[in-house]
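The structure appears right after this line, and notes come after that.
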Amino acid sequence: SQKIEQNSEALNIQEGKTATLTCNYTNYSPAYLQWYRQDPGRGPVFLLLIRENEKEKRKERLKVTFDTTLKQSLFHITASQPADSATYLCALHTGGFKTIFGAGTRLFVKA
Amino acid sequence: DTGVSQDPRHKITKRGQNVTFRCDPISEHNRLYWYRQTLGQGPEFLTYFQNEAQLEKSRLLSDRFSAERPKGSFSTLEIQRTEQGDSAMYLCASSPGQGETYSPLHFGNGTRLTVT
Chain A
312 SQKIEQNSEA
322 LNIQEGKTAT
332 LTCNYTNYSP
342 AYLQWYRQDP
352 GRGPVFLLLI
362 RENEKEKRKE
372 RLKVTFDTTL
382 KQSLFHITAS
392 QPADSATYLC
402 ALHTGGFKTI
412 FGAGTRLFVK
422 A
Chain B
70 DTGVSQDPRH
80 KITKRGQNVT
90 FRCDPISEHN
100 RLYWYRQTLG
110 QGPEFLTYFQ
120 NEAQLEKSRL
130 LSDRFSAERP
140 KGSFSTLEIQ
150 RTEQGDSAMY
160 LCASSPGQGE
170 TYSPLHFGNG
180 TRLTVT
């Protein structure tokens, strides 16, 4: 069956450290992989998109890697801040009109 | 860019009642999506419009659910004969694009439905 797996356990890190979140998928061949941020009671906000032929993408303190052989993406936030505390969602687009989301990983950054 | 707007933000209804939600997408976006999200889960795809045409519906969308996008602008999602299992956050998203080009989604802040 098709699955997107993200760590269900929350990630707790100290301010200033690098947060690394994992997204694994099975039985998909995504053309694009994206990461979204979601705060409580709000809709997801798009952060980064990486294409199947790209290995890495960066935006300010954010970095995404995409390994289509391992079927895995890693999402890094460097120099993390308490304001980075949120749920981070991995999403796949495999063609057609649907974007499929993982369940997300909650990140807590302690001051 | 005023963002995607959803109304109402919260709706409490009794089981068996009908409810309707409205979504106003970003004005230049021709694609509109509805998703449903329950606690601890990611958004689940419900349906997609390109302009006024509804091009895909999830199997999650039972015959009690109907969505429209008249004139390719705002959209409504109606749930008839609500059930407690319909309690969730209903999210609307929009994106630009034509044909097979893909653009990330811009979400509204959702309508939280509680069925008692």
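Taken in sequence, the protein lines are chains A and B.
Just so you know, we're using the working numbering here: the first sequence kicks off at 312 and counts up by one.
Just so you know, we're using the working numbering here: the second sequence kicks off at 70 and counts up by one.
Even glycine gets a Cβ: it sits at the ideal position worked out from N, Cα and C.
Here the structure is a predicted model, which is why all the values come from computation and not from measurement.
Chain D within 8 Å of A:L400, Cβ atoms only: Within the model displayed, chain D is absent; protein chains A and B are what it includes.
Nearest neighbour of A:R362, chosen from A:S340, A:D350 and A:S396 [CA to CA]: Nearest to A:R362 by C-alpha distance, out of A:S340, A:D350 and A:S396, is A:S340.
Cβ of A:R369 within 8 Å of any chain B Cβ: It does not: the Cβ of A:R369 has no partner Cβ on chain B nearer than 8 Å.
The segment 143 to 150 of chain B contacting the segment 322 to 334 of chain A, beta-carbon criterion three pairs below 8 Å: Judged by Cβ distances under 8 Å, the segment 143 to 150 of chain B makes no contact with the segment 322 to 334 of chain A, as fewer than three pairs qualify.
Chain A contact residues for B:E125, given Cβ-Cβ distances below 8 Å: What B:E125 touches in chain A: G407, F408 and K409.
For B:G72, the nearest candidate out of A:Q313, A:Y343, A:S312 and A:G354 (CA to CA): Looking at the Cα atoms, A:G354 is the closest of the given residues.
Bridge partners - B:Y171, DSSP secondary structure assignment: As DSSP reads the structure, B:Y171 sits in no beta bridge.
Minimum C-alpha distance to B:V88 - residue among B:S127, B:A157 and B:S164: For B:V88, the nearest C-alpha among the options comes from B:A157.
B:G179 beta carbon less than 8 Å from that of B:Q75: In terms of Cβ geometry, B:Q75 and B:G179 form a close pair [threshold 8 Å].
Cβ pair count under 8 Å reaching 3, the segment 98 to 116 of chain B against the segment 408 to 416 of chain A: In short, these stretches touch, since the Cβ pair count reaches three.
Beta-carbon contacts of B:Q119 that lie in its chain and below 7 Å, excluding the five residues immediately before and after: Cβ within range, chain order: N99 and R100.
Residue from A:G327, A:Y347 and A:Q325 with nearest C-alpha to A:Q464: Residue 464 of chain A falls outside the range modelled here, since chain A spans only 312 to 422, and no answer is possible.
Chain-ordered chain A contacts of B:P112 [CB-CB under 8 Å]: Residues of chain A whose Cβ lies closer than 8 Å to the Cβ of B:P112 are, in chain order, P355, L400 and F412.
Beta-ladder partner(s) of B:R150, from DSSP: Looking at the DSSP output, B:R150 bridges to nothing.
Residue closest to A:F408, alpha-carbon to alpha-carbon, out of B:P94, B:Q123 and B:I81: The option with the nearest alpha carbon to A:F408 is B:Q123.
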